[in-house]
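There are 2 protein chains.
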Amino acid sequence: MKKNVIVGQSGGPTAVINASLYGVVYEALNREDSFGTVYGMINGIEGFLNGKLMDMKPLDKSGELELIKTTPGSYLGSCRYKLPENLEDAVYPLLFQKFSDYKIGYFFYIGGNDSMDTVSKLSRYAQKTGSDIRFIGVPKTIDNDLILTDHTPGFPSAAKYVASTVREIVTDASVYDNKKSVTIVEIMGRHAGWLTAASALARKYKGDNPLFIYLPETNFSQEAFLKQIEKALRTTSNLVVCISEGIHDEHGKFVCEFANDVGVDNFGHKMLTGSGKYLENLVKERLGVKVRSIELNVCQRCSSSMLSGTDLKEAVASGAYGVKCALEGESGKMIALKRAAEDPYTVDYTTEDVTLICNQEKTVPTDWITKDGCDVTEAFIRYAQPLIQGEVSVPKENGLPRFAYRR
Amino acid sequence: MKKNVIVGQSGGPTAVINASLYGVVYEALNREDSFGTVYGMINGIEGFLNGKLMDMKPLDKSGELELIKTTPGSYLGSCRYKLPENLEDAVYPLLFQKFSDYKIGYFFYIGGNDSMDTVSKLSRYAQKTGSDIRFIGVPKTIDNDLILTDHTPGFPSAAKYVASTVREIVTDASVYDNKKSVTIVEIMGRHAGWLTAASALARKYKGDNPLFIYLPETNFSQEAFLKQIEKALRTTSNLVVCISEGIHDEHGKFVCEFANDVGVDNFGHKMLTGSGKYLENLVKERLGVKVRSIELNVCQRCSSSMLSGTDLKEAVASGAYGVKCALEGESGKMIALKRAAEDPYTVDYTTEDVTLICNQEKTVPTDWITKDGCDVTEAFIRYAQPLIQGEVSVPKENGLPRFAYRR
Chain A
1 MKKNVIVGQS
11 GGPTAVINAS
21 LYGVVYEALN
31 REDSFGTVYG
41 MINGIEGFLN
51 GKLMDMKPLD
61 KSGELELIKT
71 TPGSYLGSCR
81 YKLPENLEDA
91 VYPLLFQKFS
101 DYKIGYFFYI
111 GGNDSMDTVS
121 KLSRYAQKTG
131 SDIRFIGVPK
141 TIDNDLILTD
151 HTPGFPSAAK
161 YVASTVREIV
171 TDASVYDNKK
181 SVTIVEIMGR
191 HAGWLTAASA
201 LARKYKGDNP
211 LFIYLPETNF
221 SQEAFLKQIE
231 KALRTTSNLV
241 VCISEGIHDE
251 HGKFVCEFAN
261 DVGVDNFGHK
271 MLTGSGKYLE
281 NLVKERLGVK
291 VRSIELNVCQ
301 RCSSSMLSGT
311 DLKEAVASGA
321 YGVKCALEGE
331 SGKMIALKRA
341 AEDPYTVDYT
351 TEDVTLICNQ
361 EKTVPTDWIT
371 KDGCDVTEAF
381 IRYAQPLIQG
391 EVSVPKENGL
401 PRFAYRR
Chain B
1 MKKNVIVGQS
11 GGPTAVINAS
21 LYGVVYEALN
31 REDSFGTVYG
41 MINGIEGFLN
51 GKLMDMKPLD
61 KSGELELIKT
71 TPGSYLGSCR
81 YKLPENLEDA
91 VYPLLFQKFS
101 DYKIGYFFYI
111 GGNDSMDTVS
121 KLSRYAQKTG
131 SDIRFIGVPK
141 TIDNDLILTD
151 HTPGFPSAAK
161 YVASTVREIV
171 TDASVYDNKK
181 SVTIVEIMGR
191 HAGWLTAASA
201 LARKYKGDNP
211 LFIYLPETNF
221 SQEAFLKQIE
231 KALRTTSNLV
241 VCISEGIHDE
251 HGKFVCEFAN
261 DVGVDNFGHK
271 MLTGSGKYLE
281 NLVKERLGVK
291 VRSIELNVCQ
301 RCSSSMLSGT
311 DLKEAVASGA
321 YGVKCALEGE
331 SGKMIALKRA
341 AEDPYTVDYT
351 TEDVTLICNQ
361 EKTVPTDWIT
371 KDGCDVTEAF
381 IRYAQPLIQG
391 EVSVPKENGL
401 PRFAYRR
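Going down the list, the protein sequences come from chains A and B. With full-length UniProt numbering applied, the first sequence corresponds to residues 1 to 407, in that order. With full-length UniProt numbering applied, the second sequence corresponds to residues 1 to 407, in that order.
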């Protein structure tokens with residue numbers, strides 16, 4: 001008898017997490033000889049535990065599935081539910097009973113580190129109890145911090161958004177080029193600086209802004225930063241600086257924590273602000289120059305305006321490849337991308353042990369950061385450049401992008 | 001003898017201010033029988049006073065002029081230089097001597113309220129002294145606050161950016177739809193709420209987010225706001241609220257002033273930051289719910305990813321029309337757009353007295369705001385919808401938008 005398929009999304013969304021959902025669903029629906037019903041979990045494993053799931057086939061018939069491919073956010077809804085470490089916990093038999101109720105034979109989970117942790121635990125529990133359900137992780141995260149894969153779907157589109165937006169901000173900042181100014185751009189990625197590093201791609205020529213890029217992989221010194229800014233302002237009128245939200249001093253204290261120490265509103269409550277805002281005030285106070293800070297915020301993960309064609313293709317292919325692997329009997333694996341060639345850039349899809357991947361973090365290699373700690377090297381540019389290639393035309397309605405949504 | 005042309009840009013840039021520059025320059029260069037050299041002022045009237053200008057013709061030959069059309073920022077550089085009220089001031093003969101040195105017969109200034117003030121003063125001084133130099137203002141501002149014109153080039157692209165970005169943020173915010181949350185989006189426009197109102201276009205269906213929209217045209221009550229949020233959260237999990245940066249209480253005190261000290265720029269405007277951040281902290285503290293605030297910041301005026309085709313076309317046409325009007329002898333005028341038909345939408349170009357326009361401010365009509373002060377009516381939607389139509393393909397290089405820049 002044919003077994004059913006279930007797919008879920010977990011953690012923070014990316015611009016192409018729904019493209020991977022499309023890949024899984026499209027591939028599974030096209031193998032009706034092998035699979036029964038294709039279910040989607042609403043709000044990931046947490047929603048599934050509460051019996052929230054949906055049949056995906058009607059979406060294909062209505063054309064909604066095609067639209068999902070270029071819709072940001074998590075179409076199925078997400079969760080941040082961590083399964084217990086102890087596989088003896090009562091939640092496991094409960095979950096597997098539900099899998100059995102729905103005749104699930106194949107489980108796909110699209111997400112980052114924490115989601116891979118879920119796949120690892122479920123596959124280990126299956127192995128322990130002799131269940132033949134196959135568990136496959138499909139990678140996604142704008143942070144690009146998953147190990148054993150060249151990169152992670154979601155990162156290239158976020159990198160393209162960051163690079164193009166920083167290029168636009170640089171253009172905007174140069175408008176009053178007869179007055180000195182500093183613009184600080186705060187970019188996502190608390191522990192891994194991949195996305196902040198992508199701002200280097202914004203440069204139109206050697207020596208162009210952003211002049212300084214600070215990653216969380218190195219220690220940040222406020223005094224050294226002020227000296228660098230002061231020196232650069234002697235030769236550059238409008239300075240643009242990109243910082244990771246997670247920059248920290250040599251003791252590991254986040255720069256935004258310094259802000260929380262000093263920022264008190266007139267009710268005496270702490271004003272919680274970011275690293276960028278803190279540094280804006282610091283530069284204003286210490287250097288007396290015009291400063292602005294810009295937090296790129298959630299647009300980095302949800303903008304559909306700068307989708308990378310390469311990313312979209314790879315996100316769909318990762319989901320589809322996962323279905324093939326599960327059918328061939330693999331379980332406890334994450335789909336990984338291996339760079340097969342540089343010029344032209346190509347990738348191969350493969351699988352890696354999900355238990356090795358979860359709870360690990362891949363940061364930017366130290367030798368891809370310049371010695372002064374305020375830029376990235378050519379090696380990073382060579383790595384990132386192919387990922388942001390290719391344009392995607394998002395369907396439009398009434399002048400705006402048309403998105404799919406659960407009714 | 002043929003007189004020369006000079007064109008400048010002033011004030012904050014928009015996504016299409018360079019399209020108007022293109023319109024002026026392209027039209028003037030194509031009338032070689034009427035015009036001599038076409039100059040660009042570097043950093044507006046302030047730079048011109050310091051002898052900073054450039055010949056625009058080489059840009060046409062190199063293809064750079066075509067690229068300028070879709071480049072954000074002010075290609076020529078901008079300034080915030082206010083001419084003295086007193087036309088007896090020594091700066092006026094100095095300026096007109098410089099006009100004479102460069103054999104200027106036609107002066108075009110692309111900008112908003114303050115730039116129209118410059119055009120007004122120069123044309124009045126010309127009239128007073130019998131100068132035959134013609135002064136024409138070409139409108140631009142994302143704020144859409146110029147009177148005597150249906151709308152202002154720059155607003156439609158900014159509105160399209162705001163609407164599409166808010167739609168993306170709404171999608172992102174709905175990802176954890178099993179948990180309650182509030183997302184506050186802060187939008188530019190200190191006295192005029194046009195751009196904040198444009199967030200209403202983001203709704204995909206009746207009752208969709210953003211659920212509340214607060215403009216600076218009405219008074220904002222923190223307590224009423226908290227009550228509205230609390231009530232809405234009973235039926236909507238993930239609430240998205242759009243606010244203007246300039247919302248204020250019934251005494252005219254800006255919401256951001258409750259948290260921040262405010263500086264004053266050299267036109268006497270209050271420098272605003274942080275209404276969203278302030279309300280984020282307020283909601284968190286008072287309602288104990290998950291809150292995020294997002295400041296759309298300068299991307300509203302410099303993103304090239306959401307250019308309105310309608311806007312781009314009108315921005316170019318406004319510049320070109322200005323050249324025709326100057327040639328026909330007009331001076332002391334601003335180019336204005338008159339809506340000629342609704343369905344299909346068309347505009348006519350005309351001129352209005354720049355002295356009537358400068359230092360005035362067009363705000364959103366009160367009857368386009370709902371009685372409870374937290375939404376806009378269908379009349380606004382009908383007004384704004386045609387403006388955001390049409391897509392623009394921006395030239396790309398290496399996966400990113402390709403921009404022109406002064407070397």
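Ideal Cβ positions, reconstructed from N, Cα and C, are used throughout, including at glycine.
Practice item. Thinking Gln-127 (chain B) and Leu-195 (chain B) are a contact (beta carbons under 8 Å), I'd like their distance in whole angstroms, please. Key: Between Leu-195 (chain B) and Gln-127 (chain B) the Cβ distance is about 35 Å, and since that is not below 8 Å, they are no contact.
Check your understanding: Got a sec? Which residues, its chain only, sit under 6 Å from Gly-112 (chain B) by beta carbon, not counting five neighbours each side?
Key -> Gly-11 and Thr-141
Exercise for review: Kindly list the residues whose CB is nearer than 8 Å to the CB of Glu-330 (chain A), restricted to its own chain and excluding five residues on each side of it in sequence; keep chain order.
Suggested key: Arg-134, Ile-136 and Thr-351
Exercise for review: List the residues of chain B that Ile-381 (chain A) touches, going by C-beta distances under 8 Å, in chain order.
Suggested key: By Cβ distance, chain B contributes nothing, its closest Cβ being about 10 Å from Ile-381 (chain A), past 8 Å.
**Study point:** For Met-56 (chain B), the residue or residues it bridges with in DSSP
**Key:** Beta-bridge pairing links Met-56 (chain B) to no other residue.
Check your understanding: Alpha carbon to alpha carbon, how far is Glu-245 (chain A) from Ala-158 (chain A)?
Key -> 15 Å
Check your understanding: On the three-state DSSP scale, how would you describe Met-41 (chain B)?
Key -> strand
Check your understanding: Using CA coordinates, which residue listed in B:Leu-356, B:Val-7, B:Val-91 and B:Thr-377 is at the minimum distance from Lys-57 (chain B)?
Key -> B:Val-7
Review point. For Ser-293 (chain B), which beta-bridge partners are listed by DSSP?
Key: B:Ile-184
Exercise for review: May I have a chain-ordered list of the alpha helix (DSSP H) segments no shorter than 4 residues that lie completely inside the region 317–368 of chain B?
Suggested key: 354–357
Check your understanding: Would you say Asp-172 (chain A) faces chain B, with C-beta separation under 7 Å as the test?
Key -> yes
**Study point:** Buried/exposed call for Ser-221 (chain A), threshold 16 Cβ in 10 Å
**Key:** exposed
Practice item. Please name the residue or residues paired with Phe-135 (chain B) in a DSSP beta bridge. Key: B:Phe-107
Review point. Run through DSSP, which three-state label would Phe-35 (chain A) get?
Key: strand
Check your understanding: Where does the unbroken alpha helix (DSSP H) through Lys-253 (chain B) begin, and where does it stop?
Key -> From DSSP, Lys-253 (chain B) is part of no alpha helix (DSSP H); its letter is neither H nor E.
**Study point:** Gly-154 (chain A) in three-state terms, based on DSSP
**Key:** coil
**Study point:** Three-state secondary structure assigned by DSSP to residue 408 (chain B)
**Key:** The first residue shown for chain B is 1 and the last is 407, placing residue 408 (chain B) beyond what the model contains.
Exercise for review: Name the two residues that bound the continuous alpha helix (DSSP H) containing Cys-302 (chain A).
Suggested key: 299–302
**Study point:** Test item: CB-CB of Pro-156 (chain A) and Asp-311 (chain A) under 7 Å
**Key:** yes
Check your understanding: Can you name, in chain order, every residue of its own chain whose Cβ lies under 6 Å from the Cβ of Ala-173 (chain A), other than the five neighbours on each side?
Key -> Thr-183, Asn-238 and Val-240
**Study point:** DSSP bridge partner residues for residue 410 (chain A) (one or two, in chain order)
**Key:** Lying outside 1 to 407, the shown extent of chain A, residue 410 (chain A) is not represented and no answer is given.
Exercise for review: Could you name the residues that DSSP lists as bridge partners for Gly-8 (chain B)?
Suggested key: B:Tyr-109
Point to revise | Endpoints, the alpha helix (DSSP H) within which Gly-73 (chain A) is located | key: Here Gly-73 (chain A) belongs to no alpha helix (DSSP H), and DSSP marks it neither H nor E.
Check your understanding: Interface residues of chain B around Lys-204 (chain A) at Cβ under 8 Å?
Key -> Phe-403 and Tyr-405
Review point. If you draw a straight line from the alpha carbon of Gly-105 (chain A) to that of Pro-153 (chain A), how long is it in whole angstroms?
Key: 25 Å
Review point. Are Ile-42 (chain B) and Gly-77 (chain B) close, meaning C-beta to C-beta below 7 Å?
Key: yes
Check your understanding: Going along the chain, which residues of its own chain have a beta-carbon closer than 6 Å to the beta-carbon of Arg-286 (chain B), five neighbours each way excluded?
Key -> Leu-226
Check your understanding: Does Asp-177 (chain A) get closer than 7 Å to chain B when you measure Cβ to Cβ?
Key -> yes
Exercise for review: Establish whether the CB of Gln-389 (chain A) and some CB of chain B are separated by less than 7 Å.
Suggested key: yes
Practice item. Identify the contact partners of Gln-385 (chain A) in chain B, using a Cβ-Cβ distance below 9 Å as the criterion. Key: Asn-398 and Gly-399
**Study point:** DSSP state of Val-283 (chain A) mapped onto helix, strand, coil
**Key:** helix
Check your understanding: Given that Arg-167 (chain B) touches chain A, what residues does it touch there, using C-beta distances under 8 Å?
Key -> Leu-400, Pro-401 and Phe-403
Review point. Exposed or buried, which one is Leu-272 (chain B) when buried takes at least 16 other CB atoms within 10 Å?
Key: Residue placement at Leu-272 (chain B) cannot be trusted, given a pLDDT of 43 that sits under 50; what the coordinates show is reported in the next sentence. Label assigned to Leu-272 (chain B): buried.
Review point. From residue 408 (chain B) to Lys-338 (chain B), what distance separates their C-alpha atoms?
Key: Residue 408 (chain B) falls outside the range modelled here, since chain B spans only 1 to 407, and no answer is possible.
**Study point:** 7 Å Cβ cut-off: residues of chain B touching Ser-304 (chain A)
**Key:** Glu-168
Check your understanding: Between Asn-359 (chain B) and the rest of its own chain, which residues show a CB-CB distance below 7 Å, the 5 nearest in sequence each way excluded?
Key -> Asn-113 and Asp-117
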